[in-house]
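Protein chains in written order, with the working numbering: chain A, 1 to 296; chain B, 1 to 296.
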């Protein structure tokens, strides 16, 4: 017990960050599971975080209501954004969501109510470790259920081949928007929880590199099952600590290892580290994120 | 009026650097349909290598420039060999290529960080002899003129090369239809490797010019141009070389005009990304892009 207390005293914040990152990665997993590559999930987290933070600090909302409002705000924006941008595919969707993310970040820097570049501060630190993991369990349960629901199968078929899915009578626009909105909701929730975890949030935390990090978590862990993003987020968030344990403290080396892991995974384990444990039923490793074998 | 004119001239200078950067970016996209996110890292390494050659090896900038450009080109070959060639047979090559280029970008940046340190560095003061010309109330430095001249030279050179030379025609053939090009006896893998070489060499050249123009180089300087470069190539039409040049100039102008009109630099990027977003939704093929298949 004493050892456990010691562990939490030293690694408590790491455990919390793993949880938040896992939630964020799960949010991207939903979008990826419908074959849509979004780089806007960090911005959704920002919208959730800022909405919740502002409601708590300036309007005296209770924690639970702030969380709900933050998630709903992100989901609403996700829905409104999804309607037009989901007509784009592949790289173009990525770029559109990316530029949306940049607009959000720049807005957060320039608005008064968000506290500008210094960030929004003063959120009471209500988010506790137990609660984070409770939420993760809940989200994972939901996603595992979702996977074998009608929506889940529709996501899957859209990912495999959107044209074929549409031809089979699946309302692709509806399901893509649904995946996008669910992803935004989870991201907003994670952002709102993060805002109440760290006392201060700054626009830079929700920028391009954050969006890319989420993608890396999903890819390294594996984006075909919900375990993957959680595994990826846990491993990569803890990686600096693990490397420190092996005596590597130099920043550039850590970064290099990060990149190397990503490269090795994408080259040799296209379904992520998860596929090491479960030799995937779907042998077709290539088809990910709505890949199309396209004659140029 | 003079202020505005001066701003326009400045926009033209910086726009030509954006254009040069974007031309390399868009070239790879045009040929492979892959977004090479390591391009900004090559840009950074090009600039830093030139600086190293000037500072430590004691070369003049006119000797260092071609050597650094060549090294940047070799980095492109490395990129192709390690990150792109192994993925070429996969169905989802645009997605996995995007990821592996992110991995390479992380590793390149960590190398830059490890070798050159995290701080901002600059070329020695006497690197370029500087003349300042004033006419009609506009100030132009010889450095600016040289930058535009070099950038234009490269861009026009590339356009002519693609248009007239045998290799250029082969590149265009591969861009048009890889399988057909192979059937016609074109050494496709060699052509793709060569495309990466040219693209990265141009990116490195842009990095050197950028470093000279802003008198600042740092391992993360690629980040600032990464998203702008994306905006430029979408604006010009993905894969279109003239589009990238025009897009770069337009982007440079829009930046300085936003600053001139709003009086603050805060909104500079917001306008750019809002435009990018709008273009993706309204005219995804870009302003000068040919209407190619965006879907399925």
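Just so you know, even glycine gets a beta-carbon here, dropped at the ideal spot from N, CA and C.
Starting from the beta carbon of residue i, find every residue of chain A whose beta carbon is closer than 9 Å, and list them in chain order.
| i | result |
| --- | --- |
| residue 114 of chain B | 250, 251, 252, 253, 255, 256 |
| residue 43 of chain B | Result: empty, since nearest Cβ-Cβ is about 16 Å, beyond 9 Å. |
Could you name the residues that DSSP lists as bridge partners for residue i?
| i | result |
| --- | --- |
| residue 122 of chain B | In DSSP, residue 122 of chain B forms no bridge with anything. |
| residue 120 of chain A | A:201 |
| residue 135 of chain B | B:138 |
| residue 217 of chain B | B:121 |
Any beta carbon of chain A sitting closer than 8 Å to that of residue i?
| i | result |
| --- | --- |
| residue 269 of chain B | yes |
| residue 231 of chain B | yes |
| residue 295 of chain B | Note that residue 295 of chain B has pLDDT 34, beneath the 50 cutoff, so the model's placement of it is unreliable and no number is given. |
| residue 291 of chain B | With a pLDDT of 49 at residue 291 of chain B, under the threshold of 50, the predicted position of this residue should be treated as unreliable, and no value is reported. |
| residue 21 of chain B | no |
| residue 83 of chain B | yes |
| residue 234 of chain B | yes |
| residue 281 of chain B | yes |
| residue 276 of chain B | yes |
| residue 109 of chain B | yes |
| residue 100 of chain B | yes |
| residue 196 of chain B | no |
| residue 65 of chain B | no |
| residue 7 of chain B | no |
Give the residues of chain B in contact with residue i, contact being defined as C-beta atoms less than 7 Å apart.
| i | result |
| --- | --- |
| residue 157 of chain A | Near residue 157 of chain A there are no residues of chain B at all, since even the closest Cβ is about 14 Å away, more than 7 Å. |
| residue 212 of chain A | 102 |
| residue 37 of chain A | 95 |
In chain B, which residues lie less than 9 Å from residue i when you measure between Cβ atoms?
| i | result |
| --- | --- |
| residue 110 of chain A | 264, 266, 267, 270 |
| residue 242 of chain A | Result: empty, since nearest Cβ-Cβ is about 17 Å, beyond 9 Å. |
| residue 76 of chain A | Under the 9 Å cutoff, chain B gives no residues; its nearest Cβ is about 18 Å from residue 76 of chain A. |
Is there at least one Cβ from chain B nearer than 8 Å to residue i's Cβ?
| i | result |
| --- | --- |
| residue 260 of chain A | yes |
| residue 102 of chain A | yes |
| residue 203 of chain A | no |
| residue 219 of chain A | yes |
| residue 304 of chain A | Because chain A here runs from 1 to 296, residue 304 of chain A falls outside it and cannot be looked at. |
| residue 85 of chain A | yes |
| residue 276 of chain A | no |
| residue 189 of chain A | no |
| residue 99 of chain A | yes |
| residue 231 of chain A | no |
Show which residues of chain A have a CB atom less than 7 Å away from the CB atom of residue i.
| i | result |
| --- | --- |
| residue 94 of chain B | 90, 91 |
| residue 161 of chain B | The premise fails here: residue 161 of chain B is roughly 21 Å from chain A at the closest Cβ pair, so nothing lies under 7 Å. |
| residue 86 of chain B | 267 |
| residue 35 of chain B | 91 |
Beta carbon of residue i, beta carbon of residue j: below 8 Å?
| i | j | result |
| --- | --- | --- |
| residue 159 of chain B | residue 242 of chain B | yes |
| residue 123 of chain A | residue 57 of chain A | yes |
| residue 11 of chain B | residue 255 of chain B | yes |
| residue 44 of chain B | residue 71 of chain B | no |
| residue 30 of chain A | residue 144 of chain A | no |
| residue 20 of chain B | residue 155 of chain B | yes |
| residue 65 of chain B | residue 213 of chain B | no |
| residue 209 of chain B | residue 8 of chain B | no |
| residue 158 of chain A | residue 35 of chain A | yes |
| residue 186 of chain A | residue 27 of chain A | yes |
| residue 222 of chain B | residue 109 of chain B | yes |
| residue 42 of chain B | residue 123 of chain B | no |
| residue 161 of chain B | residue 76 of chain B | no |
| residue 78 of chain A | residue 167 of chain A | no |
| residue 211 of chain B | residue 51 of chain B | yes |
| residue 73 of chain A | residue 49 of chain A | no |
| residue 25 of chain A | residue 225 of chain A | no |
| residue 75 of chain A | residue 85 of chain A | no |
Give me the chain B residues within the contact set of residue i, using Cβ-Cβ distance strictly less than 8 Å, ordered along the chain.
| i | result |
| --- | --- |
| residue 208 of chain A | 223, 226, 227 |
| residue 269 of chain A | By Cβ distance, chain B contributes nothing, its closest Cβ being about 11 Å from residue 269 of chain A, past 8 Å. |
| residue 106 of chain A | 266, 267, 269, 270, 273 |
Residues of chain A with a CB under 8 Å from the CB of residue i: which are they?
| i | result |
| --- | --- |
| residue 106 of chain B | 255, 256, 258, 259, 262 |
**Report entry** the region 46-61 of chain B / the region 122-132 of chain B touching (three or more Cβ pairs under 8 Å)
**Finding:** Judged by Cβ distances under 8 Å, the region 46-61 of chain B makes contact with the region 122-132 of chain B, as three or more pairs qualify.
Query raised in the report: Would you say the region 3-23 of chain A touches the region 121-137 of chain A, given that touching needs at least three Cβ pairs under 8 Å?
Result: The region 3-23 of chain A makes contact with the region 121-137 of chain A: 3 or more CB pairs, one atom from each, lie closer than 8 Å.
Query raised in the report: Are the region 208-220 of chain A and the region 58-71 of chain A in contact at 8 Å, needing three or more beta carbon pairs?
Result: The region 208-220 of chain A is not in contact with the region 58-71 of chain A.
Report task. Could you tell me whether the region 244-258 of chain A touches the region 37-45 of chain A, using the rule of 3 or more Cβ pairs below 8 Å? Result -> Because the criterion of three Cβ pairs below 8 Å is not met, the region 244-258 of chain A and the region 37-45 of chain A do not touch.
Query raised in the report: Is it true that the region 17-33 of chain B meets the region 190-197 of chain B, where meeting means three or more beta-carbon pairs spaced less than 8 Å apart?
Result: Contact check between the region 17-33 of chain B and the region 190-197 of chain B: three or more CB pairs, one atom from each, fall below 8 Å, which counts as touching.
Query raised in the report: At a cut of 8 Å, does the region 86-105 of chain A reach the region 217-231 of chain A through at least three beta carbon pairs?
Result: No, the region 86-105 of chain A does not touch the region 217-231 of chain A.
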